[in-house]
Every structure is written in structure tokens, then in C-alpha cells.
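Scroll down for the structure; my scribbles are underneath it.
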């Protein structure tokens, strides 16, 4: 869908998911870089501004791509940039929203990745904290959990 179409944000999100999936399957670094560039520089976040009901999806897509790139390159700035917007994503969701559970799990995974490379005890403590938050979340145990 072209720019200006009310569903252009969905098209960009689907494109980034397809590129990320192809990267995961074929390890083509250009796909991951393109995913990050689309989200950051082709207005994906601007198409879903603060208060947009699906902004958290774009943030998680960006964070996931940056976390994958961190695993590949082990550049600290990728993981730091991946983690930085996550609190905004959590704040945007009501406390009982089922996606909060997945956000906690994603943050746990990000901190585990960082710990495996940097061996920083603080990352391990944050891993445990987010795992506890996920396990205590009221929607934990719903279908697909």
C-alpha cells in the first residue's frame, strides 16, 4: 500500500516481519539492516505515533531486529537501542493487556543475549526481574502462553 494509504503502516510492518524471518532462516545481514532502516527511517514509528494502539508492535519489531543484529555483531549500541524504547511500549499498554506478558518475556530475552556476550551481572539480574514480572502477570496462563 502506498504512502498516504491508511494501512501503509501495516504494509511496512509486514515487510519488516518478512525480512526478519528471511534473515532468521538464511542469515542475510542485509535483510536485517533493511528491516531496521524501514522501521527507523521510513516513517514506521511516525506512522504509529505515541498513543497509536499498535505502536507497541512497531517498537517490538524494531527491538527484535536490533537484538538479532546484536547477536550477530555483538555491538553494545544495537542492544541498548533495542531495549531503550521497551518501557514506552509497556507504558502504552494497560496493566492487564495480554501483550505485556510478551513484552516482559522479550525484555528477558534481550537481557539474556546481552549477558551471554558481556557477562555483566546486572543483565542477569534484569533477566530474572523480567522473568518474574512475566510469570506473575495476570494473563500468564491464558491460551498461547
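Numbering (this note's numbering), first residue to last: 5 to 149. Think of the CB as a built atom: it goes at the ideal place given N, C-alpha and C, for glycine as much as any other residue. Predicted, not measured: the structure shown is a model, and the values here were computed from it.
- Judged by their CB atoms, residue 112 and residue 138 are nearer to each other than the 8 Å cut-off.
- In the structure shown, residue 11 falls within a coil segment according to DSSP collapsed to helix, strand and coil.
- Straight across, the Cα-Cα distance linking residue 126 with residue 61 is about 27 Å.
- The beta carbons of residue 65 and residue 110 sit no closer together than 8 Å.
- The beta carbon of residue 13 sits closer than 7 Å to those of 48, 51 and 52, all from its chain and outside the five residues before and after it, given in chain order.
- In its chain, beyond the 5 residues on either side, 60, 103, 104 and 107 have a beta carbon closer than 8 Å to the beta carbon of residue 97.
- In the DSSP assignment, residue 50 falls within the unbroken alpha helix (DSSP H) covering 48 to 51.
- Spanning the alpha carbons of residue 72 and residue 36 requires a straight line of approximately 8 Å.
- Cα atoms of residue 100 and residue 82: separation of roughly 30 Å, rounded to the nearest angstrom.
- Beta-carbon to beta-carbon, residue 130 and residue 115 are separated by about 4 Å, close enough to satisfy the 8 Å threshold.
- Annotated as distal: residue 86 and residue 24, with beta-carbon spacing of 8 Å or more.
- Around the beta carbon of residue 80, fewer than 16 other beta carbons sit within 10 angstroms, so the residue counts as exposed.
- In the displayed model, residue 97 falls within coil according to three-state DSSP, outside both helix and strand.
- A straight-line Cα-Cα distance of about 31 Å links residue 143 and residue 124.
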